[in-house]
Amino acid sequence: MLEISSLPEKQIRDVIEGKKHLWEAKAQVNKKRQQKDFENASKITLGKNIKLYCGDCLELANKYLKDDSIDCIITDPPYLTKQIDCFEKLGQIAQRVLKPSGFCCFYTGKLNLAEIINIASQYLDYYWQIIIQHYGSCGTNFNPKTIHAKKVNTFYKPILVFQKPPAKKCQKYFNDVINGSGIQKDLHPWQQSESELVPIVEAFTQVGDEIFDPFLGSGTTAIVSKNLKRKFVGFDVDENCLAATKRRLTEDLN
């Protein structure tokens, strides 16, 4: 989370003096950063091991990804009820592009969990569920999220792991409970923490494998893939997401 101490001096002063809410100041800072990222994106060269494309994931996959070419999919699709069709696209893509025995690991909400599992099961085989525990902004205390539709205070988010047949064990033993930091939401409303993805990448891939994220968002999967010496392909419909990812990758190199 982008805290007040990291805001520009003028924004901090406006918040303290009550001229604007903290969320308004954050939004203005993020908007300016997005504009700058977009302007600089065309100047950034990522190298041959990282490829980013803007557009619909199904159309781009048909254009750029060969059958049985991807070692692992790690992604965070939009999982609101009105966006449930994203999992149909994910399943169709995964069934075609994953190598035999390749894994598809994806974040999901719990409100539509049964339907999402049913959709994914049409294309892949269920392997396991990983739980990301919600932590507070300081990363020290559990911080439940309230689901008002069910009157539930939930303390975790699931990551579902599916596999393309034939069945095969993953690369290494992994813990199915991960302590989420819950602190990285400044670039994208659904941005996930890098630390959460490290054990997943290490469990389901090897150095040199190619990871694919069809819903790139702020590019966290790309960052972790690069840091752990994996190749990466990412898609997103929002050019701003690609621009932000390019900046993060460039900053990470410096």
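Heads up: the sequence shown is residues 25 to 278, going by our numbering.
Every residue gets a Cβ at the ideal spot worked out from N, C-alpha and C, and that includes glycine.
The segment 138 to 158 makes no contact with the segment 259 to 272, as fewer than three CB pairs between them are under 8 Å. For the pair Val-257 and Phe-236, the CB atoms are nearer than the 8 Å cut-off. Note that the segment 115 to 132 does not touch the segment 248 to 256; fewer than 3 beta-carbon pairs, one per stretch, sit closer than 8 Å.
Cα atoms of Ala-118 and Ser-242: separation of roughly 21 Å, rounded to the nearest angstrom. Cβ neighbours of Tyr-103 within its own chain (closer than 6 Å, five residues either side excluded): Thr-132, Gly-133.
Contact annotation: Asn-177 and Pro-168 have beta-carbon atoms nearer than 8 Å. The alpha helix (DSSP H) runs of length 4 or more contained entirely in the segment 101 to 177 are, from start to end of the chain, 109 to 121, 137 to 145.
The alpha-carbon separation between Asn-203 and Gly-79 amounts to approximately 33 Å.
Between Leu-122 and Ile-141, the C-beta spacing is not below 8 Å. Close CB contacts of Val-225 within its chain, under the 6 Å cut and outside five residues either way in sequence, are with Val-248, Leu-252 (chain order).
If you draw a 10 Å sphere on the C-beta of Lys-87, you find fewer than 16 other C-beta atoms in it, and that means exposed.
For Val-201, the secondary structure class from DSSP, reduced to helix, strand or coil, is strand. Taken through DSSP and simplified to helix, strand or coil, Thr-244 comes out as helix. Counting only the Cα atoms, Glu-234 lies some 15 Å from Thr-244. Annotated three-state conformation of Lys-181 is strand, per DSSP.
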